[in-house]
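Take a look at the structure below.
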Amino acid sequence: MNTNLKEQELIKGLALNEKGAIETIYKDNFAVIQHLIINNNGSEDDAKDIFQEAVIVLYEKAKSGVFELNCQIKTYLYSVSKRLWLKRLQKNNRFELLANGVEETVHVEEDISLHEKRDDEFGMMEHAMTNIGEPCKSLLEAYYIHKQNMQEISEAFGYTNADNAKNQKYKCLMRLKKLFFAQYKNGNKNG
Amino acid sequence: MDDIRLLEMIERYLQGEMTEEEKILFKELRRTNPDVDQKVVEQHFFINQMERFNEDKKFRASLNEVHEQLLAEGNIKPYSGKSKVVQLWNRSKRTIAVAASIAGVTALVISAVVSSLAPKTDKAQIENLGRKIDILEKNQNHTRRELSDVKNKIEIPGEPAKFGGTGFLIDTRGYLVTNAHVINKAERVSVQSQSGVELSARKVFSDDSLDIAILKIDDNLFKPLSALPYAITKNASGDLAEPIFTLGYPKDEIVYGEGYLSAKTGYKGDSLTCQISVSANPGNSGGPVINKNGEVIGVLSTRQTTAEGVVFAIKAKNIFKALDDLKKDSNNLHIKLPATSSVKNIDRPQQVKKIQDCVFMVKGY
């Protein structure tokens, strides 16, 4: 019960991007995953990549609020990492996993495919954001992420009035959308 | 200017900054104007995407920070697994020795069984189904056709094709998909429609690891189609035992084949491909594998020579992968895959009649 509560706290912390929670999860689990990856043809970097991706899957699940603790964080991360690594090996036409069934695993297929979709979208937004350039990027971030109002923005960016800033923001948003949706529609059949 | 005002309105609405009265008016506008409604939905979706992107980016940054920090503090270490492996080895030496000898015996038994089933074991297990056209036979055909088809103005190129396979349209403007192995040795490619018209084509993309190539028909005789009858979607992976059919050119004429999806992975568990049970011969490579709803679930590629009726198809989602790679190379190329099938719920001969015009023989010279 006690460990269960502790795990729930960790997951809540993870969802809020709290450094303490990330640290604990990292310390408790990294070595096991590192062992798994490196003993299966992976490198130091692969281990870091796969572990972090697994934590991101857990984070996404925690944020969606549906993470039921039907298994320990340890088991979950191990299962996700194993599946992710297997996929990557297969993609590169490499070998089967050697470590078979030593550790307990749980079913994570759906979580991973959800994650893949989000990861694709992350990549698309990243691509769009890097390609709109400045000052568009900062302008949009100021408004949509840092929630500054148009008056503040027009002063910070040196526009003569808020209407001009608004006009510019509109143009930037349209460009960003275009860049994003161009990839989105090509990548997603549900477009 | 109006669009800017509308966006501002939508944003105020989404951020809950409208007064009750404004809200009622705006909701009415949404209800009566589908265009506005669509814009609200799109804006909402997009804002969510942006916010999520930002949060995810922060989270990824935290992960890296923690990693560096723990590494510096020595809480996590670069891997030095040797000693552990040795320990493990010492501990389980006996078990492993026993297991190894059992495995050895099993392997012997299996190889004996396999060799009795397959006398030609030294041959490659997998055979590409590209067609190396027998030049002699082709020459014969060629002469025969020249003699009998004088009236018929079908253009026969002076030299016979060296490689052959199948390809099918993925875009109404003449983009086809086929296997990379069908054309990768060819200096020049052309395609031939099921009615016998040969059209010149060029390779626009080829990836040997996916075994997918994309061709473009470059010929005035080709008329872009209004729509493709089948659908090509990422998620159409097919269910086990689902009936499927194929169309291809193992000979000079289009041939129909019917079977079922027998495994979701291909040769030795390869996840890029799936296994189908259908009769396929050299020349079938690159043909579409279609389910009863008219959705392309794969591209027929190889067969196992040591077993009868074991054929592998590259899953349809790899076409998307190929297109993504292609897009990186050429930015202004927009290939739009057909998203819906227009041959759902009609009987098979009718389906085939509609589909066969989109399936071409691919010839390499």
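Protein chains in written order, with our numbering: chain R, 1 to 191; chain U, 1001 to 1365. Where a beta carbon is used, it is the ideal one built from N, C-alpha and C, also for glycine.
Can you say whether isoleucine 989 (chain U) is buried or exposed, counting buried as having 16 or more other CB atoms within 10 angstroms of its CB?
What is shown of chain U runs 1001 to 1365, which leaves residue 989 (chain U) out entirely.
By Cβ distance below 7 Å, which residues in the same chain neighbour leucine 1323 (chain U) in space, the five residues on each side in sequence not counted?
Ile1335
In chain order, what residues of the same chain have a beta carbon less than 6 Å from the beta carbon of phenylalanine 30 (chain R), not counting five sequence neighbours either side?
Counting only Cβ-Cβ distances below 6 Å, and skipping sequence neighbours, we find Phe51.
Going by beta carbon distance, what residues of the same chain come within less than 8 Å of histidine 107 (chain R), once the five residues before and after it are set aside?
Ser79
For a cutoff of 7 Å on Cβ pairs, would you count glutamine 1049 (chain U) as touching chain R?
yes
Which partner residues of asparagine 1291 (chain U) appear in the DSSP bridge assignment?
U:Ile1244
If you compare alpha carbons, which of R:Asn161, R:Gly42, R:Thr130 and R:Asn149 is closest to arginine 175 (chain R)?
R:Thr130
Contact defined as beta carbons within less than 8 Å: I believe valine 1278 (chain U) pairs with tyrosine 1230 (chain U). What is the distance between those atoms, to the nearest angstrom?
So it is not a contact: roughly 17 Å between Cβ atoms.
Out of curiosity, what's the CA-to-CA distance linking glutamate 1068 (chain U) and lysine 12 (chain R)?
Pairing glutamate 1068 (chain U) with lysine 12 (chain R), the inter-Cα distance amounts to about 23 Å.
Are isoleucine 1232 (chain U) and glycine 1259 (chain U) close, meaning C-beta to C-beta below 7 Å?
no
Are any of the Cβ atoms in chain R nearer than 7 Å to that of lysine 1058 (chain U)?
yes
For threonine 1050 (chain U), three-class secondary structure by DSSP:
The amino acid at residue 1050 (chain U) is misidentified as threonine; the sequence shows methionine. In the structure shown, methionine 1050 (chain U) sits in a helix (DSSP, three-state: H, G or I).
Can you give me the Cβ contacts of leucine 1029 (chain U) inside the same chain, cut-off strictly under 8 Å, excluding the 5 residues immediately before and after it?
Same-chain partners within the cutoff: Val1036.
Element boundaries [beta strand (DSSP E), containing glutamine 1275 (chain U)]:
1273 to 1277
Contact check, serine 1262 (chain U) vs glutamine 90 (chain R), beta carbons under 7 Å:
no
Can you give me the C-alpha to C-alpha distance between isoleucine 1183 (chain U) and histidine 115 (chain R), rounded to a whole angstrom?
36 Å
Valine 1191 (chain U) - containing beta strand (DSSP E), residue span:
1189 to 1192
For glutamine 1049 (chain U) and valine 1366 (chain U), the rounded distance between their alpha carbons
With chain U represented from 1001 up to 1365, any question about residue 1366 (chain U) goes unanswered, as that position is not in the structure.
For the alpha helix (DSSP H) containing methionine 1009 (chain U), list its first residue and its last residue.
1002 to 1014
Proximal residues, the region 19 to 51 of chain R versus chain U, C-beta separation under 8 Å
Listed in sequence order: Lys19, Ile22, Glu23, Tyr26, Lys27, Phe30, Ala31, Gln34, His35, Ile38, Asn39, Glu44, Ala47 and Lys48.
Per DSSP, what kind of secondary structure is aspartate 1347 (chain U) in: helix, strand or coil?
coil
Of the listed residues U:Met1361, U:Ala1316, U:Asp1211 and U:Tyr1267, nearest to threonine 1306 (chain U) (C-alpha basis):
U:Tyr1267
Checking 7 Å against the spacing of the C-beta atoms, do lysine 1354 (chain U) and glycine 1164 (chain U) come in under that value?
no
My output table needs one value for glutamate 1258 (chain U): the three-state DSSP class, helix, strand or coil.
Residue state, collapsed to three classes: strand.
Sequence-distant residues of the same chain with beta carbon closer than 6 Å to glutamate 9 (chain R), five excluded per side:
none
Label alanine 1227 (chain U) either buried or exposed according to how many other C-beta atoms from any shown protein chain fall within 10 Å of its C-beta, with 16 as the threshold for buried.
exposed
Candidates R:Gln168, R:Glu110 and R:Phe157: closest to isoleucine 132 (chain R) by CA position
R:Gln168
Let me confirm a value: histidine 1181 (chain U) is counted as buried when at least 16 other C-beta atoms fall within 10 Å, else exposed. Which label applies?
buried
Who are the Cβ neighbours of serine 1200 (chain U) in its own chain at under 7 Å, not counting the five residues just before and after it?
Counting only Cβ-Cβ distances below 7 Å, and skipping sequence neighbours, we find Ser1190, Asp1218 and Asp1219.
Is any beta-carbon of chain R found at less than 7 Å from that of phenylalanine 1053 (chain U)?
yes
For asparagine 164 (chain R) and arginine 88 (chain R), I'd like the C-alpha separation in whole angstroms.
48 Å
Return the bridge partner residues of glutamate 1198 (chain U) from the DSSP annotation.
U:Gln1192
So the alpha helix (DSSP H) aspartate 1171 (chain U) belongs to, where does it begin and stop?
Here aspartate 1171 (chain U) belongs to no alpha helix (DSSP H); instead the beta strand (DSSP E) covers 1163 to 1171.
How would you call glutamine 1351 (chain U), buried or exposed, if buried means at least 16 neighbouring beta carbons within 10 angstroms?
buried
Using a Cβ cut-off of 7 Å (strictly closer), state whether isoleucine 145 (chain R) contacts chain U.
Interface annotation, isoleucine 145 (chain R): in contact with chain U, CB-CB separation under 7 Å.
Using the C-alpha atoms, what's the distance from glutamine 34 (chain R) back to aspartate 1357 (chain U)?
53 Å
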